[in-house]
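To keep things clear, I will list the structure first and then write my remarks on it.
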Amino acid sequence: MARFRVLIAFAAFLALASAQDLSKISIEIVGKNFVFTEGPAWSKDGFLFFSDTVADKIWKWTPGSEPVSFREPSGGASGNAFDTQGRLYTCETHARRVTRTNLKDGRIDVLADRWEGKKLNAPCDLAVSKSDHVYFTDPAFGDQQDGRELDFYGVYQAPPKGPLKLVAKSTGRPHGVAISPNGRLLYVTNADERNVRAYDIDHNGDTSGERVLVAHVDGIPGGLKVTEKGELYVVTGKGIAIYSAEGKAIHTIALHDRPSNCVLDPQGVWLYVTARGFLYRIRLDGKGAN
2 MARFRVLIAF AAFLALASAQ DLSKISIEIV GKNFVFTEGP AWSKDGFLFF SDTVADKIWK
62 WTPGSEPVSF REPSGGASGN AFDTQGRLYT CETHARRVTR TNLKDGRIDV LADRWEGKKL
122 NAPCDLAVSK SDHVYFTDPA FGDQQDGREL DFYGVYQAPP KGPLKLVAKS TGRPHGVAIS
182 PNGRLLYVTN ADERNVRAYD IDHNGDTSGE RVLVAHVDGI PGGLKVTEKG ELYVVTGKGI
242 AIYSAEGKAI HTIALHDRPS NCVLDPQGVW LYVTARGFLY RIRLDGKGAN
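Per this note's numbering, numbering of the sequence shown is gapless, rising by one per residue and ending at 291.
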């Protein structure tokens, strides 16, 4: 899978509704020929994991190399995240569970697979706090609806110790989840209601104060990430909608392929985007690619 770079001056692949210099924006394909990519996550050790959910794989990509298979089968892996210890957390949509993998010895622990004795629907996306509290969404899309045992869609918290906690019940399907840089806010997108909700996180990792931060997302919101400045990058299916910490629209990145999720590199220079059969990266600082 040869990588290549596309530099554009106008909106053939990328459109920014802002004063940014479009001639210096770059998009690079770093992986292709997948089936349906999802869940990009950066390791502190300098590599990226992402899922190919339909193909039932997790891939590993290291800058300067081609993606290599990490796990197959993967339980229908979707969202991925790392904790501060470098352990991998994965939402396995087919297996209907959330797991944690110790990359040093390969041990896989199941963090959550049931709520009050009933199987989870199909965990989709997750985020891990600096204190190792795991927050994940549990919607059900397509034929995942057929085997549901729960009569609601949920957002959950799996603390480092103790039982699973329910953050919110919903009749609409929650999808993406992210935590603010200071660890005090939880953000969740809702694919049916087309909004982004925010919750306060206390020192115990518990949530309260549910409110709608972005009421009318243009498109179906999926994965999201938060920058160090508190800006929200929300995948909408149409592209990446960028909002301020107060929920005000800033600009939009429109991609040729329908994106599913995104992640920022540790320096906040590159935005990595999973989109159907591709893994893209987009330079955000206006300098173009090196």
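Beta carbons are placed, not taken as given, at the ideal position from N, Cα and C, and that holds for glycine.
Close Cβ partners of residue i (< 6 Å) along its chain, the five nearest in sequence each way excluded
| i | result |
| --- | --- |
| Pro124 | Cys92, Val99, Phe137, Asp139 |
| Pro294 | Outside the displayed range of the chain (2 to 291) lies residue 294, so it cannot be described from this structure. |
| Lys120 | Arg97, Glu150 |
Contact check, residue i vs residue j, beta carbons under 7 Å
| i | j | result |
| --- | --- | --- |
| Glu39 | Thr190 | no |
| Leu214 | Ala192 | no |
| Val177 | Leu225 | For clarity, residue 177 is Gly in the given sequence; the question names Val instead. Going by C-beta atoms, Gly177 is nearer than 7 Å to Leu225. |
| Ser79 | Thr63 | no |
| Gln158 | Lys166 | yes |
| Arg101 | Arg115 | no |
| Ala246 | Gly269 | no |
| Asp84 | Asp46 | no |
| Val31 | Leu280 | yes |
| Asp219 | Ser209 | no |
| Ile283 | Ile28 | yes |
| Glu150 | Gly173 | no |
| Pro41 | Val264 | yes |
Closest Cα partner of residue i within the set the options
| i | options | result |
| --- | --- | --- |
| Leu272 | Ala242, Phe71, Gln146 | Ala242 |
| Val55 | Val69, Lys61, Trp43, Val36 | Val36 |
| Tyr188 | Trp60, Val129, Val31, Gly107 | Val129 |
| Pro161 | Pro68, Ser209, Val111 | Val111 |
| Asp203 | Cys263, Pro260, Val264, Lys131 | Lys131 |
| Asn34 | Trp43, Asp53, Pro41 | Asp53 |
| Ala113 | Gly184, Phe142, Ile251, Val135 | Val135 |
| Gly240 | Gln145, Val227, Gly223 | Gly223 |
| Gly206 | Asp144, Gly163, Gln145 | Gly163 |
| Gly107 | Ala141, Phe71, His217 | Phe71 |
| Lys249 | Pro267, Phe48, Glu73, Ala216 | Ala216 |
CA-to-CA distance, residue j to residue i, given in whole angstroms
| i | j | result |
| --- | --- | --- |
| Gly77 | Lys58 | 7 Å |
| Gln86 | Leu256 | 34 Å |
| Phe50 | Trp60 | 6 Å |
| Phe153 | Ser66 | 42 Å |
| Val156 | Val197 | 13 Å |
| Leu285 | Glu117 | 44 Å |
| Glu211 | Thr237 | 21 Å |
| Ser75 | Arg259 | 23 Å |
| Ile180 | Leu186 | 6 Å |
| Asp147 | Asn262 | 25 Å |
| Ile254 | Tyr234 | 10 Å |
| Trp1 | Arg277 | The question about residue 1 has no answer here: the residues shown for the chain are numbered 2 through 291. |
| Lys105 | Gly184 | 27 Å |
| Val168 | Asn122 | 15 Å |
| Glu73 | Phe48 | 18 Å |
Distance cut-off 6 Å: residue i Cβ against heavy atoms of the ligand SAM
| i | result |
| --- | --- |
| Glu93 | As far as ligands go, the structure on display features none, and thus does not contain the ligand SAM. |
Chain D contact for residue i (CB, 7 Å cutoff)
| i | result |
| --- | --- |
| Lys131 | The structure shown contains no chain D; it holds only a single protein chain. |
Chain-order list of residues whose beta-carbon lies under 7 Å from that of residue i (same chain, five-residue window excluded)
| i | result |
| --- | --- |
| Ala82 | Ala42, Tyr90, Leu127, Ala128, Val129 |
| Pro267 | Trp43 |
| Asn103 | Arg88 |
Close Cβ partners of residue i (< 8 Å) along its chain, the five nearest in sequence each way excluded
| i | result |
| --- | --- |
| Asp144 | none |
| Ala141 | Asn122, Ala123, Arg149, Tyr154, Arg174 |
Can you list, in chain order, the stretches of the alpha helix (DSSP H) that have 4 or more residues and sit fully within the segment 63-94? As far as the segment 63-94 is concerned, it has no whole alpha helix (DSSP H) run of at least 4 residues.
Entirely within the segment 120-173 and at least 3 residues each: give me those beta strand (DSSP E) ranges in chain order. Whole beta strand (DSSP E) segments, 3+ residues: 127-129, 135-139, 154-159, 166-171.
Which parts of the segment 183-270 are runs of the beta strand (DSSP E), unbroken and 3 residues or longer, counting only runs that do not cross its ends? Those beta strand (DSSP E) runs which fall completely within the segment 183-270 and span 3+ residues are 186-191, 196-202, 208-215, 225-227, 233-236, 240-244, 250-255, 260-265.
Fully enclosed by the segment 38-64, which alpha helix (DSSP H) runs are 4 residues long or longer? Fully enclosed alpha helix (DSSP H) runs of 4 or longer: not present.
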